[in-house]
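All remarks here apply to the structure that follows.
Residue numbers (full-length UniProt numbering): 1 to 329.
Below you can see the structure in the form of structure tokens.
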């Protein structure tokens with residue numbers, strides 16, 4: 001695999017945490033890379049440390065940009081992106097621990113799937129991360145169990161995004177209207193999809209995200225207002241993802257339409273009798289539930305019963321519910 005990846009990291013003090021991230025990059029990337037560090041640090045010792053590692057190349061080839069003031073994550077990241085010129089660019093938080101082979105596997109997925117423009121590794125779900133005792137052991141387990149697998153995403157998360165460099169030239173950088181962070185990653189993902197690309201999770205790569213370490217220092221009320229503001233901006237641009245409950249009819253030609261619907265909305269399938277094979281094998285973040293036939297039938301009749309009850313057709317609803325219950329039991 002003969003290419004280089006630029007890894008853009010915006011930093012603000014937090015030397016110990018950043019060192020852990022950089023050590024894991026150096027040890028586990030397995031792809032030629034250049035670090036593009038954009039330093040917002042205000043502490044003299046932290047600024048000196050970043051200068052030292054850039055000069056020594058302790059963690060590999062490093063381009064260091066030190067800002068005179070704390071510009072925040074979003075503006076600092078865009079400063080780094082303007083200096084990145086590799087085929088693949090990784091936007092990486094400094095509150096991460098990278099697992100074995102993480103970057104090589106993400107890049108390999110993008111090479112296999114030319115229309116995937118943004119990739120996340122696994123590692124951003126707290127429910128999964130709390131079970132991880134050894135990052136590299138867990139990464140190797142995923143690599144074995146999920147080799148070459150991926151799941152399409154509604155949007156990628158900014159904790160670790162591997163992006164085609166050409167995408168930024170085509171659709172632009174992160175939009176700084178999302179000041180402070182949050183939802184700039186959603187917006188980038190939706191712009192990529194509007195341009196005809198897909199977003200995906202590389203299921204055989206793992207980067208442990210320690211989750212919002214920098215934002216812990218922000219007052220809770222300020223953080224809440226910032227998230228609410230940015231969420232509203234994103235929704236005003238792209239709308240909301242609706243949840244839809246589907247009972248499929250027997251229509252073998254519906255697969256493409258169903259996949260297109262899944263890519264736009266959160267879909268719950270309540271019956272798998274007529275799910276086309278191409279949909280059965282389709283992995284997408286928005287396809288959140290697939291119930292077996294008997295449970296799908298049961299839920300379908302329950303929903304009908306609830307509807308009839310609301311319409312005051314109680315006797316009919318009772319007969320409908322008891323009939324399907326008798327069939328199941």
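Yeah, the Cβ is synthetic: ideal placement off N, Cα and C, and Gly gets one too.
Inter-residue distance for residue 85 and residue 3 is about 12 angstroms (C-alpha atoms, whole angstroms). By the Cβ neighbour-count rule, residue 181 is buried, with 16 or more other Cβ atoms within 10 Å of its own. Taking C-beta atoms as the reference points, residue 185 and residue 156 count as a pair closer than 7 angstroms. Around the CB of residue 193, 16 or more other CB atoms lie within 10 Å, so the residue is classed as buried. Pairing residue 179 with residue 277, the inter-Cα distance amounts to about 43 angstroms.
The beta carbon of residue 49 sits closer than 7 angstroms to the beta carbons of 15 from its chain, once the five residues preceding and following it are set aside; these are given in chain order.
Secondary structure note for residue 161: its beta strand (DSSP E) is the uninterrupted segment 160-164.
DSSP places residue 201 in the uninterrupted beta strand (DSSP E) bounded by 198-209.
In this chain, the beta strand (DSSP E) harbouring residue 34 covers 32-39. Residue 282 and residue 146 have their C-alpha atoms spaced approximately 14 angstroms apart. The continuous beta strand (DSSP E) containing residue 98 extends over residues 96-98.
Taking residue 46 as reference, the option from 29, 67, 32 and 61 with the minimal CA-CA separation is 67.
In the DSSP annotation of this structure, the continuous segment of the beta strand (DSSP E) that includes residue 65 starts and ends at 62-66. Annotation: the continuous alpha helix (DSSP H) that includes residue 258 extends over 255-264. Shown here for residue 260: not one same chain residue has a beta carbon closer than 8 angstroms to its own, the five before and five after excluded.
One alpha carbon belongs to residue 171, the other to residue 78, and they sit about 13 angstroms apart.
DSSP, reduced to helix, strand and coil, places residue 268 within a strand of the structure shown.
Counting only the Cα atoms, residue 109 lies some 18 angstroms from residue 158. In the structure shown, residue 13 adopts coil according to DSSP, grouped into three states. The C-alpha of residue 22 is placed about 25 angstroms away from the C-alpha of residue 144. When DSSP states are grouped into helix, strand and coil, residue 124 belongs to the coil group. In terms of Cβ geometry, residue 101 and residue 17 do not form a close pair [threshold 7 angstroms].
Close CB contacts of residue 54 within its chain, under the 6 angstroms cut and outside five residues either way in sequence, are with 62 and 64 (chain order).
In terms of CA proximity to residue 12, 44 leads the group 196, 208 and 44. Here the C-alpha atom of residue 162 lies approximately 26 angstroms from the C-alpha atom of residue 232.
Rounded to whole angstroms, the separation of the alpha carbons of residue 266 and residue 236 is 18 angstroms. Contact annotation: residue 31 and residue 107 have beta-carbon atoms nearer than 7 angstroms.
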